[in-house]
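Peer 1: Taken in sequence, the protein lines are chains E and B.
153 is the number that this note's numbering gives to position 153 of the first sequence; each next residue is one higher, with no gaps.
Whatever position you read off the second sequence (first residue = 1), add 275 for this note's numbering.
One structure, pasted below without further comment.
Number of protein chains: 2
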Amino acid sequence: MRNLSEDTITQEVLDRIAGTKNERTKEVLSELIQHLHDFARKVRLTEQEWLQGIEFLTAVGHKTDEKRHEFILLSDTLGLSMLTVCINNSKPVGCTEATVFGPFHVPNAPEFALGADIANGAKGSACHVSGRVLGLKGEAIENAHMDVWQADEEGVYDVQNPNFTEHRARGIFRTAPDGSYRFTTVVGESYPIPTDGPVGDMLAATGRHPWRPAHLHFKITAPGYQTLVTHVFREGDKYLDSDAVFGVRENLIAPWTKNADGEFSLKYDFILNRA
Amino acid sequence: MRNLSEDTITQEVLDRIAGTKNERTKEVLSELIQHLHDFARKVRLTEQEWLQGIEFLTAVGHKTDEKRHEFILLSDTLGLSMLTVCINNSKPVGCTEATVFGPFHVPNAPEFALGADIANGAKGSACHVSGRVLGLKGEAIENAHMDVWQADEEGVYDVQNPNFTEHRARGIFRTAPDGSYRFTTVVGESYPIPTDGPVGDMLAATGRHPWRPAHLHFKITAPGYQTLVTHVFREGDKYLDSDAVFGVRENLIAPWTKNADGEFSLKYDFILNRA
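If you want it as structure tokens, here you go:
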């Protein structure tokens, strides 16, 4: 078709992908095209703005590597990540809620025995974390695979260190027969998401702060249960109501208790939903 | 705000960018967020699909460099580029219409005197191109800056050659006092857009061919006139009705005439709109 106008081009693009074999791919791509075109028409996108968009996305791509996930950060700060979590994680009352995955997970972290100290040189006061992984009826979930990661007291993850070679404050555990887990790590603090890339430019342009409240990441998988990707947030943190990535949920907030010896304790039970 | 749901998160993200100083930035970003979230809700985007999207965009970014503009190619094949052209180039009847910029323009191409041969080794039969650059009232536009680029008879642009060092079939001219221009190049042929990257994967998944009808690119600028980015398409090309990037307009199609000596001629006048 020739001489397409702003009123006819969307249907032509949709017609052009009519031969898509996978029905779901066709559905998702069709809606993406429709919404993308609607956006451009709605704002009367200029050619200069189009080019700025191309350059911005290119910069996001170039900033991204195995340790720096700028596209995840962009999705997180635009609320798309948390929206996707909301869409996919409606669960019965009583289950632990999910939140964003974030850009700092590392596959194949080292596995530790229960009770191990995973700090491995990460800075911060010692923190003893314990609790149980349970089903909704209170049943213990044995041998659940628990992937843990966090920032240190300076708000920095091990992978953000340019000389990153060793995992710090990061590890994998398996729950005991009674569903319990325990390990030692450090007390992490609130931190700004990385602002030295295009996402940082966007936050500056929109007058937003880049801070996330202090938290500890968990990814818990167990046969027969829905995988849970979540955080436990630190009670009292000043960014709980303005998390830069919109991830805070009331029932994920818990106290880090200071003990007589100056070390800290955190107790938290996770309730998984049946698959 | 805590405990955001799929129904409340969009407003929270919009509230968070309320402090954006530039009003236009705020408008564009607000609509982008609204349309992006609407898309995710509409298709019930899964977490796996979200991750595939992140990985696809990252691959597009990694494929992009100074010579390969995969994000432009993505925009072109989704019809966004041509839509943006449509939104910004409504002109009085009689003006030459605009079409997509494409991913193969190179800034600072060499400048030539009128009549020069820009082929510089590009493969193909010689083609003598001439015409005038005029205003809507027929006034000659002198000294218009005319940036020309094209593929060769194998459908390949100079920059697609991995050993690219010299500009071929690419150059800049200035129109004569009577608005005329003339130069010699080669006859380009229709060609597939590059399919060895993520955009090629998308075309394959959607059952689309990657071909563009044969054309010659022009970018013409002159003080007091709107810049014109356009092509002249070759009459009779079999892809005129299914251009992979949706760019064909009836009044941009012209005949490449074969002369008695086996060389070709193309005559085309460009009519610019007042700025």
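From the three backbone atoms N, C-alpha and C, an ideal C-beta is built for every residue, glycine too.
Note that this is a predicted model, so its numbers are computed, not measured.
By how many angstroms is the C-alpha of Gly138/E removed from the C-alpha of Ala144/E?
Peer 2: For the purposes of this step, residue 144/E is taken as the residue at position 144 of the first sequence. For the purposes of this step, residue 138/E is taken as the residue at position 138 of the first sequence. Looking at the two C-alpha atoms, the distance is approximately 15 Å.
Peer 1: Threshold first: 4 residues or longer. Then list the alpha helix (DSSP H) segments lying entirely within the stretch 339-415 of chain B, N to C.
Peer 2: Runs of the alpha helix (DSSP H) inside the stretch 339-415 of chain B: 345-352 and 355-363.
Peer 1: Which first and last residues belong to the beta strand (DSSP E) in which Val422/B is found?
Peer 2: The sequence position of residue 422/B within the second sequence is 147, counting from 1. For the sequence presented, residue 422/B should be read as Asp rather than Val. From DSSP, the beta strand (DSSP E) with Asp422/B extends over His420 to Gln425.
Peer 1: Between Leu57/E and chain A, is any beta-carbon pair separated by less than 9 Å?
Peer 2: Protein chains in the displayed structure are E and B, and chain A is not among them.
Peer 1: What residues from chain B crowd round Gly19/E, counting only those whose CB sits closer than 8 Å?
Peer 2: Translated into positions along the first sequence, residue 19/E becomes position 19. Neighbours of Gly19/E on chain B, chain order: Thr481, Gly482 and Arg483.
Peer 1: Looking at the secondary structure, which residues open and close the beta strand (DSSP E) in which Gly247/E lies?
Peer 2: Counting from one through the first sequence, the residue named residue 247/E turns up at place 247. Note, Gly247/E: premise wrong, no beta strand (DSSP E); not H, not E.
Peer 1: Under 7 Å, CB to CB, which of the residues in the stretch 363-380 of chain B have a partner in chain E?
Peer 2: So the close ones are Asn363.
Peer 1: Give the single residue among Glu111/E, Ile172/E, Pro162/E and Ser180/E whose Cα lies nearest to the Cα of Ala140/E.
Peer 2: As a working mapping, residue 140/E is identified with position 140 in the first sequence. Answer by Cα proximity: Ser180/E.
Peer 1: Between the alpha carbons of Arg24/E and Val13/E, how many angstroms are there, rounded?
Peer 2: Taking the first sequence and counting its residues from 1, the one referred to as residue 24/E is at position 24. Taking the first sequence and counting its residues from 1, the one referred to as residue 13/E is at position 13. Their Cα atoms are separated by approximately 17 Å.
Peer 1: Distance check for Gln48/E and Ser405/B, CA to CA, integer angstroms please.
Peer 2: What you label residue 405/B is simply residue 130 of the second sequence in a count that begins at 1. What you label residue 48/E is simply residue 48 of the first sequence in a count that begins at 1. Those two C-alpha atoms are separated by around 30 Å.
Peer 1: Using a Cβ-Cβ cut-off of 9 Å, state whether Leu266/E counts as contacting chain B.
Peer 2: Sequence index remark: in the first sequence, residue 266/E carries index 266 (1-based). Not an interface residue.
Peer 1: Can you give me, in chain order, the residues of the stretch 62-75 of chain E that have a beta carbon less than 8 Å from any beta carbon in chain B?
Peer 2: Going along the stretch 62-75 of chain E in chain order, one finds His62, Thr64, His69, Phe71, Ile72 and Ser75 with a Cβ nearer than 8 Å to chain B.
Peer 1: Taking only runs of the beta strand (DSSP E) that begin and end inside the stretch 461-543 of chain B, which ones reach a length of at least 3 residues, in chain order?
Peer 2: As far as the stretch 461-543 of chain B is concerned, its whole beta strand (DSSP E) runs of at least 3 residues are 490-496, 503-509 and 539-542.
Peer 1: Can you have a look at Val461/B and say buried or exposed, based on whether 16 or more other CB atoms are within 10 angstroms of its CB?
Peer 2: The residue you call residue 461/B lines up with position 186 of the second sequence. Buried.
Peer 1: Of the residues that make up the stretch 134-168 of chain E, which ones have a beta carbon closer than 9 Å to any beta carbon in chain B?
Peer 2: Per Cβ criterion, the list is empty.
Peer 1: Rounding to the nearest angstrom, what Cα-Cα distance links Val43/E and Pro378/B in this structure?
Peer 2: Here residue 43/E is taken as the residue at index 43 of the first sequence, counted from 1. Here residue 378/B is taken as the residue at index 103 of the second sequence, counted from 1. Going by the C-alpha atoms only, they are around 24 Å apart.
Peer 1: Examine chain B for any beta-carbon lying closer than 9 Å to the beta-carbon of Arg274/E, and answer yes or no.
Peer 2: Mapped onto the first sequence, residue 274/E falls at position 274. Answer no: the Cβ-Cβ gap between Arg274/E and chain B never drops below 9 Å.
Peer 1: Under 7 Å between beta-carbons, which chain B residues line up against Lys42/E? List them in chain order, please.
Peer 2: Counted from its first residue, the first sequence places residue 42/E at position 42. Near Lys42/E (Cβ distances below 7 Å), the residues of chain B are Glu306.
Peer 1: If we cut at 9 Å on Cβ distances, does Lys276/E have a partner in chain B?
Peer 2: Residue 276/E lies beyond the range of chain E shown here (1 to 275); nothing can be said about it.
Peer 1: Pull up the DSSP beta-bridge partners for Ser180/E, would you.
Peer 2: Here residue 180/E corresponds to residue number 180 of the first sequence, with the count starting at 1. Looking at the DSSP assignment, Ser180/E forms a beta bridge with Arg132/E.
Peer 1: Can you tell me whether DSSP reads Thr272/E as helix, strand or coil?
Peer 2: Stepping through the first sequence from its first residue, residue 272/E is reached at position 272. Sequence inspection shows Leu at residue 272/E; the Thr mentioned does not correspond to that position. In this structure, Leu272/E counts as strand in the three-state DSSP scheme.
Peer 1: Thr374/B: which of Arg549/B, Thr532/B, Asp512/B and Phe493/B sits nearest, CA to CA?
Peer 2: The residue labelled residue 374/B in the question sits at position 99 within the second sequence. Nearest of Arg549/B, Thr532/B, Asp512/B and Phe493/B to Thr374/B, Cα basis: Phe493/B.
Peer 1: For a contact defined as C-beta to C-beta under 8 Å, what are the partners of Ser280/B on chain E?
Peer 2: Reading the second sequence from its first residue, position 5 is the one you call residue 280/B. The answer, in chain order, is Cys86.
Peer 1: Compare the C-alpha of Tyr466/B against each of Ala519/B, Thr295/B and Gly294/B and name the closest.
Peer 2: Taking the second sequence and counting its residues from 1, the one referred to as residue 466/B is at position 191. Nearest of Ala519/B, Thr295/B and Gly294/B to Tyr466/B, Cα basis: Ala519/B.
Peer 1: Using a cut-off of 8 Å between C-beta atoms, extract the partners of Asp313/B located in chain E.
Peer 2: For the purposes of this step, residue 313/B is taken as the residue at position 38 of the second sequence. Simply His35.
Peer 1: Pick from Glu464/B, Ile308/B and Gly396/B: whose alpha carbon is nearest that of Glu429/B?
Peer 2: By 1-based counting over the second sequence, the position of residue 429/B is 154. Comparing Cα-Cα distances from Glu429/B to each of Glu464/B, Ile308/B and Gly396/B, the minimum goes to Glu464/B.
Peer 1: With a Cβ-Cβ cutoff of 9 Å, do Ala444/B and Gly475/B count as a contact?
Peer 2: Walking along the second sequence from the start, residue 444/B turns up at place 169. Walking along the second sequence from the start, residue 475/B turns up at place 200. Going by C-beta atoms, Ala444/B is not nearer than 9 Å to Gly475/B.
Peer 1: Can you have a look at Phe439/B and say buried or exposed, based on whether 16 or more other CB atoms are within 10 angstroms of its CB?
Peer 2: Indexing the second sequence from 1 puts residue 439/B at position 164. So Phe439/B ends up on the exposed side.
Peer 1: Mind checking if Arg524/B is an interface residue toward chain E, Cβ cutoff 9 Å exclusive?
Peer 2: The residue given as residue 524/B occupies position 249 in the second sequence. Yes, its Cβ sits closer than 9 Å to a Cβ of chain E.
Peer 1: Below 9 Å between beta carbons: does that hold for Gln202/E and Thr77/E?
Peer 2: Reading the first sequence from its first residue, position 202 is the one you call residue 202/E. Reading the first sequence from its first residue, position 77 is the one you call residue 77/E. Checking the displayed sequence, the identity of residue 202/E turns out to be Met instead of Gln. A contact, by the Cβ cut-off of 9 Å.
Peer 1: Could you check what DSSP says for Phe173/E in three-state terms: helix, strand or coil?
Peer 2: Translated into positions along the first sequence, residue 173/E becomes position 173. In this structure, Phe173/E counts as strand in the three-state DSSP scheme.
Peer 1: For the alpha helix (DSSP H) containing Lys42/E, list its first residue and its last residue.
Peer 2: Here residue 42/E is taken as the residue at index 42 of the first sequence, counted from 1. Looking at the DSSP string, the run of the alpha helix (DSSP H) that includes Lys42/E is Glu23 to Val43.
Peer 1: For Arg234/E, would you say it is in contact with chain B, using Cβ-to-Cβ distances shorter than 9 Å as the test?
Peer 2: Taking the first residue of the first sequence as 1, we reach residue 234/E at position 234. It does not: the Cβ of Arg234/E has no partner Cβ on chain B nearer than 9 Å.
Peer 1: Return helix, strand or coil for Phe56/E, following the three-state DSSP convention.
Peer 2: The sequence position of residue 56/E within the first sequence is 56, counting from 1. Looking at Phe56/E - three-state DSSP - the assignment turns out to be helix.
Peer 1: Excluding five sequence neighbours on each side, which residues of the same chain lie with their C-beta closer than 6 Å to the C-beta of Arg182/E?
Peer 2: Mapped onto the first sequence, residue 182/E falls at position 182. Excluding sequence neighbours, Arg182/E sits near Leu114, Gly115 and Ser130.
Peer 1: Would you say Ile54/E and Ser350/B are within 9 Å of each other, going by their C-beta atoms?
Peer 2: Taking the first sequence and counting its residues from 1, the one referred to as residue 54/E is at position 54. Taking the second sequence and counting its residues from 1, the one referred to as residue 350/B is at position 75. Taking 9 Å as the Cβ cut-off, Ile54/E and Ser350/B qualify as a contacting pair.
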